[in-house]
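**Student:**
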Amino acid sequence: MFSIQEGISYYLPPGPRLDSSEQWLDWFFALRTQALSIGIWDKIDPYEPDKDDDELVFPELENYEQFRDRLMEEAREANKPAPTTTDIMIAVGVQSTNAEIQLSIYEHRAAKERAIRVLIMETVRRSIYEAAILSHPGSQTLRQHVRSIQNMYVSNLEFFKMRIDEAYRAVLAETQVKGCEPEAWLHRWRQAFTRAEAFGSLYVQGDRGVLDFLEAISGFVEPEWMVGEYLLPSKSDKKPSLHTISQHFYRHITSTFPPYRKPGSSSTKKAKEKENRSKKSCPCGPRKHHWDPEDCCVLEFAIRGSTDRKIKRPTVKRRKDIVDEIWKEKWEELRQTLERKGWYIPTPEATSNW
Numbered sequence: 014m015f016s017i018q019e020g021i022s023y024y025l026p027p028g029p030r031l032d033s034s035e036q037w038l039d040w041f042f043a044l045r046t047q048a049l050s051i052g053i054w055d056k057i058d059p060y061e062p063d064k065d066d067d068e069l070v071f072p073e074l075e076n077y078e079q080f081r082d083r084l085m086e087e088a089r090e091a092n093k094p095a096p097t098t099t100d101i102m103i104a105v106g107v108q109s110t111n112a113e114i115q116l117s118i119y120e121h122r123a124a125k126e127r128a129i130r131v132l133i134m135e136t137v138r139r140s141i142y143e144a145a146i147l148s149h150p151g152s153q154t155l156r157q158h159v160r161s162i163q164n165m166y167v168s169n170l171e172f173f174k175m176r177i178d179e180a181y182r183a184v185l186a187e188t189q190v191k192g193c194e195p196e197a198w199l200h201r202w203r204q205a206f207t208r209a210e211a212f213g214s215l216y217v218q219g220d221r222g223v224l225d226f227l228e229a230i231s232g233f234v235e236p237e238w239m240v241g242e243y244l245l246p247s248k249s250d251k252k253p254s255l256h257t258i259s260q261h262f263y264r265h266i267t268s269t270f271p272p273y274r275k276p277g278s279s280s281t282k283k284a285k286e287k288e289n290r291s292k293k294s295c296p297c298g299p300r301k302h303h304w305d306p307e308d309c310c311v312l313e314f315a316i317r318g319s320t321d322r323k324i325k326r327p328t329v330k331r332r333k334d335i336v337d338e339i340w341k342e343k344w345e346e347l348r349q350t351l352e353r354k355g356w357y358i359p360t361p362e363a364t365s366n367w
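In the numbering used here, the protein residues as written are 14 to 367.
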């Protein structure tokens with residue numbers, strides 16, 4: 014009476030590896046991004062308590078005889094006339110539809126869980142993976158499994174938040190280093206901001222978050238820009254958020270009219286020439302950009318299938334083209350750099366399954 018769907022699968026390209034505690038943040042947020050993309054993070058988040066529906070349970074289904082007998086028994090207990098054959102067949106039709114829906118939900122979730130478990134197994138060092146399995150006797154839900162891995166690297170949620178805060182503050186401090194390029198830096202800041210915002214960091218909230226950001230970018234903009242952006246009274250009583258100001262800053266430094274130039278630069282023309290010289294080639298496409306290829310979120314998504322930053326996701330065809338490009342000889346040094354970061358770069362042949 015019921016049929017189980019076959020062939021449901023989700024492909025999640027391997028992300029950064031987890032071999033040491035220094036890699037925990039990158040690994041965790043890559044896993045989070047992948048799980049969010051297929052709609053199963055709510056069953057994985059190790060910082061949430063265990064829930065009744067965490068365990069994947071096959072739905073209980075009745076065959077025709079069981080269903081018919083139950084209807085007859087319910088009618089007797091309620092002192093009602095026994096249902097006719099027609100009544101039973103109508104009820105069976107409704108029950109069959111409900112059962113098919115339950116099976117479909119089960120199969121889709123099972124496929125998602127399989128994909129996540131495979132991803133974890135492929136990216137976590139084997140000894141850590143096995144220790145996590147053994148730390149929890151019996152079967153583990155996905156949440157329990159990820160929590161077992163987490164417990165080996167991060168003692169508690171507060172320590173985890175502290176590491177996120179430290180990473181965010183470190184990115185803010187990068188602007189004090191001579192030669193820091195604003196657009197490349199902003200890409201790194203966005204990743205750190207996304208992580209800090211996800212865990213409610215005080216460093217990205219309210220006036221404090223905005224003023225810290227403005228202080229960090231003070232070397233990239235004229236003082237008048239910062240004053241007009243946040244400190245001057247506006248028509249609205251509500252001051253712009255940190256996210257809004259970061260968007261305004263991006264438009265300011267990438268604007269061609271008027272051209273962006275750092276405070277104190279001698280002329281627009283010289284600033285523009287310097288800007289053009291600073292642009293870098295990248296496998297993501299023919300157009301150059303200011304940030305290094307290893308900081309390119311389009312390249313990251315094409316190779317790993319996920320990124321912390323909000324982007325317009327490239328099509329499967331473009332992802333394949335980028336993979337084909339990065340395997341060219343001229344990108345050998347970049348491939349080595351990305352592999353040292355823990356990126357697994359699929360071969361062009363492997364993309365045929367995408």
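Backbone N, C-alpha and C define an ideal beta-carbon position, used for all residues, glycine too.
Which of the three DSSP states, helix, strand or coil, is assigned to S152?
**Tutor:** Here residue 152 is taken as the residue at index 139 of the sequence shown, counted from 1. It is coil, neither helix nor strand.
**Student:** Work out the CA separation of T320 and T207 for me, nearest whole Å.
**Tutor:** Against the sequence shown, residue 207 aligns to sequence position 194. Against the sequence shown, residue 320 aligns to sequence position 307. Rounded to the nearest angstrom, the two C-alpha atoms are 11 Å apart.
**Student:** In its own chain, which residues sit with a C-beta less than 6 Å from the C-beta of F314, not counting the 5 before and 5 after it?
**Tutor:** Locating residue 314 in the sequence shown gives position 301, where the first residue counts as 1. Taken in chain order, the residues that qualify are T320.
**Student:** Considering only their Cβ atoms, is the gap separating R122 from L69 smaller than 8 Å?
**Tutor:** To locate residue 69, count along the sequence shown from 1; it is residue 56. To locate residue 122, count along the sequence shown from 1; it is residue 109. Yes, the Cβ-Cβ distance between L69 and R122 is below 8 Å.
**Student:** Of all the options K174, A180, E126, which has the alpha carbon lying nearest to the alpha carbon of H158?
**Tutor:** For the purposes of this step, residue 158 is taken as residue 145 along the sequence shown, with counting starting at 1. Closest option to H158, Cα to Cα, is E126.
**Student:** For A368, tell me which candidate among I101, Y77, N76 has the shortest Cα-Cα distance.
**Tutor:** An answer regarding residue 368 cannot be provided, because it is not within the stretch 14 to 367 covered by the chain.
**Student:** From T154, K293, Q108, pick the residue whose C-alpha is nearest to that of Y77; which is it?
**Tutor:** As a position in the sequence shown, residue 77 is number 64, starting the count at 1. Sorting T154, K293, Q108 by C-alpha distance to the C-alpha of Y77 places Q108 at the top.
**Student:** Here's the rule I'm using: 16 or more other beta-carbon atoms within 10 Å means buried, otherwise exposed. How should Y24 be labelled?
**Tutor:** If you number the sequence shown from 1, residue 24 lands on position 11. With fewer than 16 other Cβ atoms within 10 Å, it is exposed.
**Student:** Let me know if R30 comes out buried or exposed under the rule of 16 or more other beta-carbons within 10 Å of its beta-carbon.
**Tutor:** One-based indexing of the sequence shown puts residue 30 at position 17. Here R30 is buried, its C-beta having at least 16 other C-beta atoms within 10 Å.
**Student:** Helix, strand or coil: how does DSSP classify D305 here?
**Tutor:** As a working mapping, residue 305 is identified with position 292 in the sequence shown. Three-state result, D305: coil.
**Student:** Excluding sequence positions up to five away, which residues of its chain have a Cβ less than 8 Å from the Cβ of S254?
**Tutor:** By one-based count along the sequence shown, residue 254 stands at place 241. So the list reads V223, once near-sequence residues are dropped.
**Student:** Is the Cβ-Cβ distance between W304 and H149 less than 8 Å?
**Tutor:** Counting from 1 along the sequence shown, the entry for residue 304 is found at position 291. Counting from 1 along the sequence shown, the entry for residue 149 is found at position 136. No, these two residues do not count as a Cβ contact at 8 Å.
**Student:** Might you give, ordered along the chain, the residues of its own chain that have their beta carbon closer than 7 Å to the beta carbon of E286, omitting 5 neighbours on each side?
**Tutor:** If you number the sequence shown from 1, residue 286 lands on position 273. Any reading at E286 is ruled out, since the residue's pLDDT is 49, under 50, leaving its predicted position unreliable.
**Student:** In the DSSP assignment, find the beta strand (DSSP E) that holds C193 and state where it starts and stops.
**Tutor:** Against the sequence shown, residue 193 aligns to sequence position 180. C193 -> no beta strand (DSSP E), and no H or E assigned at all.
**Student:** So who's on the other strand from V329, going by DSSP bridges?
**Tutor:** One-based indexing of the sequence shown puts residue 329 at position 316. Bridge partners of V329: none, in fact.
**Student:** Cutting at 7 Å between CB atoms, please list the residues of its own chain near W356, excluding the five before and the five after it.
**Tutor:** Here the question's residue 356 lines up with position 343 in the sequence shown. Result list for W356: P29, I316, R317, in chain order.
**Student:** V137: which of S34, K341, H302, P296 sits nearest, CA to CA?
**Tutor:** In the sequence shown, residue 137 corresponds to position 124, counting from 1. Ranking S34, K341, H302, P296 by Cα distance to V137 puts S34 first.
**Student:** In the structure shown, what three-state DSSP assignment does K341 receive?
**Tutor:** Taking the sequence shown and counting its residues from 1, one reaches residue 341 at position 328. Three-state result, K341: coil.
**Student:** Should F71 go down as buried or exposed, given a rule of 16 or more other Cβ atoms within 10 Å for buried?
**Tutor:** For the purposes of this step, residue 71 is identified with residue 58 of the sequence shown, where counting begins at 1. F71 should be labelled exposed.
**Student:** Let me confirm a value: V190 is counted as buried when at least 16 other C-beta atoms fall within 10 Å, else exposed. Which label applies?
**Tutor:** Locating residue 190 in the sequence shown gives position 177, where the first residue counts as 1. That one is exposed.
**Student:** Hey, would you say A197 sits closer than 8 Å to Y181, going by beta carbons?
**Tutor:** In the sequence shown, counting from the first residue as 1, residue 197 sits at position 184. In the sequence shown, counting from the first residue as 1, residue 181 sits at position 168. A197 places its beta carbon 8 Å or farther from that of Y181.
**Student:** Going by DSSP, name the residue or residues bridged to K293.
**Tutor:** Residue numbering aside, residue 293 sits at position 280 when the sequence shown is read from its first letter. DSSP, once it has assigned bridges, lists H302 as partnering K293.
**Student:** Can you list, in chain order, the residues of its chain whose CB lies under 6 Å from that of C128, leaving out five sequence neighbours each side?
**Tutor:** Against the sequence shown, residue 128 aligns to sequence position 115. According to the sequence displayed, residue 128 carries Ala and not Cys. Closer than 6 Å at Cβ, skipping near neighbours: Y23, L25.
**Student:** May I ask you to report which of helix, strand or coil DSSP gives L185?
**Tutor:** One-based indexing of the sequence shown puts residue 185 at position 172. The answer is helix: DSSP assigns L185 an H, G or I state.
**Student:** Taking DSSP as the reference, what is the three-state secondary structure of L69?
**Tutor:** Position 56 of the sequence shown, counted from the first residue, corresponds to residue 69. The answer is coil: DSSP assigns L69 none of H, G, I, E or B.
**Student:** Identify whether V167 lies in helix, strand or coil by the three-state DSSP scheme.
**Tutor:** Walking along the sequence shown from the start, residue 167 turns up at place 154. V167: coil per DSSP, three-state reduction.
**Student:** May I ask you to list the residues that DSSP assigns as paired with V137?
**Tutor:** Start at 1 with the first residue of the sequence shown, and residue 137 comes out as number 124. Answer is L31, bridged to V137.
**Student:** Counting C-beta neighbours from all protein chains within 10 Å, is the total for T46 16 or more, i.e. buried, or is it exposed?
**Tutor:** In the sequence shown, the residue the question calls residue 46 occupies position 33. With 16 or more Cβ atoms within 10 Å of its Cβ, T46 is classed as buried.
**Student:** What would DSSP say about Y23, mapped onto helix, strand or coil?
**Tutor:** Taking the sequence shown and counting its residues from 1, one reaches residue 23 at position 10. In this structure, Y23 counts as coil in the three-state DSSP scheme.
**Student:** Compute the beta-carbon to beta-carbon distance between V311 and H265, rounded to the nearest angstrom, for a pair I have assumed lies under 8 Å.
**Tutor:** Residue 311 sits at position 298 when you count from the first residue of the sequence shown. Residue 265 sits at position 252 when you count from the first residue of the sequence shown. No, V311 and H265 are not in contact; Cβ-Cβ is about 22 Å, not under 8 Å.
**Student:** Within 10 angstroms of its Cβ, does R329 collect 16 or more other Cβ (buried), or is it exposed?
**Tutor:** Against the sequence shown, residue 329 aligns to sequence position 316. A small correction: the amino acid at residue 329 is Val; Arg does not occupy that position in the sequence shown. Exposed, since its Cβ has fewer than 16 Cβ neighbours within 10 Å.
**Student:** What does a CB cutoff of less than 6 Å around W40 pick up in its chain, not counting 5 residues either side in sequence?
**Tutor:** Within the sequence shown, residue 40 is the residue found at index 27, counting from 1. Taken in chain order, the residues that qualify are P29, L31.
**Student:** Is it right to say D308 is buried, meaning 16 or more other beta carbons lie within 10 angstroms of its own, or is it exposed?
**Tutor:** The count along the sequence shown starts at 1 and reaches residue 308 at position 295. D308 comes out buried.
**Student:** Closest to C193 by C-alpha separation, out of S231, P27, K174, F173, would be which residue?
**Tutor:** As a working mapping, residue 193 is identified with position 180 in the sequence shown. Nearest option by C-alpha distance: S231.
**Student:** If you measure between the beta carbons of L84 and A112, is that distance less than 8 Å?
**Tutor:** Here the question's residue 84 lines up with position 71 in the sequence shown. Here the question's residue 112 lines up with position 99 in the sequence shown. No; because the gap between Cβ atoms is not below 8 Å, this pair is not in contact.
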